[in-house]
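Before any comments, here is the structure.
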Amino acid sequence: MSQAHYFDTPQGRRIAYHKSGGAGPCLVFCGGLKSDMEGTKAVHLEAWAKARGLAFLRFDYSGHGESSGAFEDGCIGDWHEDTLAILEAVTEGPLCVVGSSMGGWQALLLARAIPRRIKGLVTIAAAPDFTEDGYWANFTDAQKAELEAVGHVALPSDYMEPYIITKRMIEDGRTHLVLRDRLELPFPVRFLQGTADTAVSVATAVRLLEHSEGPDIRLNLVKDADHRFSDAVCLTLIEEAVADVIAAA
1 MSQAHYFDTP QGRRIAYHKS GGAGPCLVFC GGLKSDMEGT KAVHLEAWAK
51 ARGLAFLRFD YSGHGESSGA FEDGCIGDWH EDTLAILEAV TEGPLCVVGS
101 SMGGWQALLL ARAIPRRIKG LVTIAAAPDF TEDGYWANFT DAQKAELEAV
151 GHVALPSDYM EPYIITKRMI EDGRTHLVLR DRLELPFPVR FLQGTADTAV
201 SVATAVRLLE HSEGPDIRLN LVKDADHRFS DAVCLTLIEE AVADVIAAA
């Protein structure tokens with residue numbers, strides 16, 4: 001396994017990344033909440049890109065994987081800053097962005113921040129606005145009181161140890177919502193969503209589809225696929241979606 005490279009952001013956070021050279025557009029993988037760049041989808045897509053001579057970037061947000069910081073200290077805005085900083089530092093030219101779960105929200109924030117660089121976008125179980133529509137909307141009065149008094153609450157996860165959700169993450173999330181205002185995606189877009197996903201609902205995927213504006217946006221629902229979306233069938237669907245948006249760009 002190759003060693004990660006590191007980049008220090010203007011905010012003073014050290015970001016770990018793997019970048020392989022090749023033709024453009026550069027594929028960029030944005031991982032999910034508490035995920036890291038060694039996950040199945042990121043590593044598989046890197047190998048797929050290398051086999052086709054395409055440039056590829058995977059990285060860890062601050063507080064994730066090999067990057068600096070603690071997860072509990074981060075928020076959506078920090079990870080958006082990390083993503084913008086690493087893209088500016090180690091990539092050039094057009095991008096094809098692939099975002100998984102929270103990384104889908106990050107991909108949509110990129111579409112808003114640097115639309116001219118993005119030539120295609122693929123999301124996998126995208127979770128836009130989840131801090132507000134998922135966490136805050138479902139907090140009990142007791143949890144909201146705990147958040148105010150203690151500054152955080154612990155939420156169980158189906159996939160790993162409990163998530164520590166901070167008051168800062170909730171408040172910062174409100175400044176980065178993408179489903180309240182116009183969301184223009186003027187490039188080929190493919191949303192992938194499993195119907196057996198217990199973390200992100202099909203209703204969320206349909207809401208994202210209906211809210212987005214653009215000339216070439218499609219939603220692919222995969223029966224019985226779960227949130228991981230990483231078995232052989234799902235990995236092939238990701239490959240096909242990426243190839244499709246590159247060809248259509």
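Number 228 in full-length UniProt numbering belongs to position 228 of the sequence shown; there are no gaps in the numbering. Each residue gets a CB set at the ideal place from its N, CA and C atoms; glycine is no exception.
DSSP three-state assignment for residue i, whether helix, strand or coil
i: V97; result: strand
i: Q11; result: coil
i: E184; result: strand
i: Q193; result: strand
i: L235; result: helix
i: H80; result: helix
i: A89; result: helix
i: E66; result: coil
Cβ-based neighbour list, residue i, same chain, cut-off 7 Å, excluding 5 preceding and 5 following
i: D36; result: D60, H64 and G65
i: A42; result: F29, G31 and R58
Buried or exposed by the 16-neighbour rule on C-beta atoms within 10 Å, applied to residue i
i: P10; result: exposed
i: H5; result: exposed
i: S212; result: buried
i: P186; result: exposed
i: E92; result: exposed
Contacts around residue i, its chain only, beta-carbon distance under 8 Å, and the 5 residues preceding and following it disregarded
i: E72; result: G63, H152, I164 and T166
DSSP bridge partner residues for residue i (one or two, in chain order)
i: A203; result: Bridge partners of A203: none, in fact.
i: L121; result: V97 and V189
i: F29; result: R58 and V98
i: Y135; result: Paired residues: none, contrary to the question.
heavy atom of the ligand MG below 7 Å from residue i C-beta
i: F229; result: Although the ligand MG was asked about, the structure shown includes no ligands whatsoever.
Unbroken beta strand (DSSP E) run spanning residue i, endpoints
i: R58; result: L54 to F59
i: V178; result: Per DSSP, V178 belongs to no beta strand (DSSP E) and is neither H nor E.
i: A154; result: H152 to L155
i: T166; result: Y163 to T166
i: R228; result: Taken as a continuous stretch (DSSP letters only), R228 belongs to no beta strand (DSSP E), as it is neither H nor E.
i: I114; result: Where I114 is concerned, there is no enclosing beta strand (DSSP E), given that its DSSP letter is neither H nor E.
Continuous alpha helix (DSSP H) stretch holding residue i: start and end
i: G74; result: Run containing G74: none; DSSP gives neither H nor E here.
i: E38; result: Neither: E38 is in no alpha helix (DSSP H) and is coded neither H nor E.
Spatial neighbours of residue i in its chain, beta-carbon cut-off 6 Å, leaving aside the 5 residues before and after
i: C75; result: R168, M169 and D172
i: P25; result: P94, L95, C96 and K119
CB contact check: residue i to chain D, cutoff 8 Å
i: S20; result: The chain labelled as chain D is not found in the depicted structure, where only one protein chain is given.
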